[in-house]
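To start, the structure under review is shown below, and the notes come after it.
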Amino acid sequence: MGQHRVQERFAKSFTSELWDNPGRRKRWALRHRTPEQVQRTSQGLAWSVAVSLNRIIPMPVLTAVVRMAVALEFSGDTQRCAKEGQPVSKGALHLWATTDTMVDRVIRHDPAAAQRMVGDIVRDAQDKLGIAPDVVGYALIQAMALDRDIVRSFLERSLLPGTLDD
1455 MGQHRVQERF AKSFTSELWD NPGRRKRWAL RHRTPEQVQR TSQGLAWSVA
1505 VSLNRIIPMP VLTAVVRMAV ALEFSGDTQR CAKEGQPVSK GALHLWATTD
1555 TMVDRVIRHD PAAAQRMVGD IVRDAQDKLG IAPDVVGYAL IQAMALDRDI
1605 VRSFLERSLL PGTLDD
């Protein structure tokens, strides 16, 4: 799902650079080269970029950083709840927009890595912060920029059965 969007974006960019840019077009606009051929070349280059994402930004490194960011933010929320004498319940945990955007990206670009990451987030929150899995799942659903149905479907597959029951 993520690779396709990356490919589309880079294909448009490459086509624009190779064909729509007057300075470069002179080098490409030979009699036998048509806009369609340049577009096919751009598609090939874009596909190469899209399938190389893990070499560009290694997913294990990205998921580790995202896990640490989520843990830090959840830790701050648990401290706030403790200071206010409130339990850490659904609605008490929040993620910064930049963090939830990165969780969203991991889900879109590598669902298998995202599943492991979410499992680690839930386990860390429970073991280190004493936060119940259903509270973590609820917080992740609330924070995500993705379509709620997609998020819920993904998290239902990633978390223990019954974790997201309301």
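Here the working numbering = 1-based position in the sequence shown + 1454. Virtual Cβ for every residue (Gly too), placed ideally from N, Cα, C.
Relative to the C-alpha of residue i, which residue among the options is closest?
i: Glu1490; options: Asp1558, Ile1575, Leu1549 and Ser1470; result: Ser1470
i: Val1460; options: Leu1609, Arg1559 and Asp1531; result: Arg1559
i: Ser1529; options: Gly1573, Glu1610, Lys1582 and Ala1551; result: Lys1582
i: Ser1467; options: His1458, Glu1538, Ala1500 and Ile1561; result: Ala1500
i: Ser1543; options: Ala1579, His1563 and Ile1561; result: Ala1579
i: Gly1498; options: Arg1509, His1458 and Ser1607; result: His1458
Give me, in chain order, the residues of the same chain whose beta-carbon lies closer than 6 Å to that of residue i; leave out the 5 immediate sequence neighbours on both sides.
i: Gln1493; result: Thr1469
i: Tyr1592; result: Lys1544
Do residue j and residue i come within 9 Å of each other at the CB atom, strictly closer than that value?
i: Val1557; j: Ala1597; result: yes
i: Leu1547; j: Val1520; result: no
i: Leu1526; j: Val1576; result: no
i: Ala1465; j: Ser1496; result: yes
i: Pro1615; j: Ala1567; result: no
i: Thr1532; j: Gly1584; result: yes
Count the other CB atoms, across all protein chains shown, that sit within 10 Å of the CB of residue i; report buried if there are 16 or more and exposed otherwise.
i: Ala1504; result: buried
i: Val1572; result: buried
i: Trp1550; result: exposed
i: Arg1562; result: buried
i: Ala1518; result: exposed
i: Ser1488; result: Position check: residue 1488 holds Thr in this sequence, whereas Ser was assumed. Its Cβ having fewer than 16 others within 10 Å, Thr1488 is exposed.
i: Asp1564; result: buried
Which residues in the same chain have their Cβ closer than 8 Å to the Cβ of residue i, if we skip the five residues on either side of it in sequence?
i: Thr1553; result: Val1520, Ala1523, Val1524, Glu1527 and Ala1597
Please return the same chain residues whose Cβ sits closer than 7 Å to the Cβ of residue i, not counting the five positions on each side in sequence.
i: Pro1541; result: Cys1535
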